[in-house]
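Asker: Here it is, the structure in full.
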Amino acid sequence: MTYAIYTHPENQTPDELWSAVAIGVFLIGLMVLGIAMQYVRWSVEGETIIYHRLFKNKTIPISGLAGFGQMIVSVMVMPFQHVDLYDHELNHVARLPVSFKDWPKAEAWLAGRLRYVVNDGSHILPKYRFADTPKH
542 MTYAIYTHPE
552 NQTPDELWSA
562 VAIGVFLIGL
572 MVLGIAMQYV
582 RWSVEGETII
592 YHRLFKNKTI
602 PISGLAGFGQ
612 MIVSVMVMPF
622 QHVDLYDHEL
632 NHVARLPVSF
642 KDWPKAEAWL
652 AGRLRYVVND
662 GSHILPKYRF
672 ADTPKH
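Per this note's numbering, residue 542 is the first one in the sequence shown, and the count goes up by one each step.
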């Protein structure tokens with residue numbers, strides 16, 4: 542399609558040209574999204590978690606957090622693991638990707654500083670509580 546538009550632009554109607562522009566913008570957006578997804582990572586510096594993304598970084602101080610939980614999402618039979626971070630009112634702060642290989646190390650580091658958060662509800666209607674508090 543790009544070759545046809547480039548070599549014979551006089552044969553294309555304005556609708557075809559605008560369609561090509563829309564498809565090109567969509568494909569470039571998918572490419573940027575793919576690069577951004579591969580670039581996401583996080584690191585720990587002292588008592589701060591730095592969440593690195595493609596265009597900006599987010600700094601999360603441990604003092605503002607109270608708990609963490611594990612979330613596994615399966616997409617087309619491929620599981621992806623994440624760590625959810627929560628503040629003192631159990632509001633969701635961030636979701637950080639973690640590989641299955643690095644999960645034990647990340648869990649040990651987080652468990653030494655934060656409490657586990659359990660979801661007694663569902664992903665649609667969550668009922669969060671700290672693991673060491675009784676159910677209501």
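Built from N, CA and C at the ideal position, the CB exists for glycine as well.
Because the structure is a prediction, the values reported are computed rather than measured.
1. DSSP state of residue 601, grouped into three classes?
2. Contact between the region 648-658 and the region 604-615: three or more CB pairs below 8 Å?
3. Kindly indicate which residue of 673, 618, 650 has the alpha-carbon position closest to the one of residue 588.
4. Going by CA-CA distance only, name the one from 633, 632, 645, 601 that's closest to residue 622.
5. Check residue 660 in the structure and name its three-state DSSP category.
6. Counting along the chain, where does the alpha helix (DSSP H) carrying residue 578 start and finish?
7. What does a CB cutoff of less than 7 Å around residue 605 pick up in its chain, not counting 5 residues either side in sequence?
8. DSSP three-state call for residue 638: helix, strand or coil?
9. Using the Cβ count rule (16 or more neighbours within 10 Å means buried), how would you classify residue 590?
10. Quick check on this structure: which residue in 661, 666, 640, 675 has the alpha carbon closest to the alpha carbon of residue 581?
11. For residue 590, does the three-state DSSP call read helix, strand or coil?
Answerer: The short version:
1. strand
2. yes
3. 650
4. Ranking 633, 632, 645, 601 by Cα distance to residue 622 puts 645 first.
5. Under the three-state reduction of DSSP output, residue 660 falls in the strand class.
6. 555-580
7. 628
8. strand
9. With 16 or more Cβ atoms within 10 Å of its Cβ, residue 590 is classed as buried.
10. 640
11. Reduced to three states, the DSSP call for residue 590 is strand.
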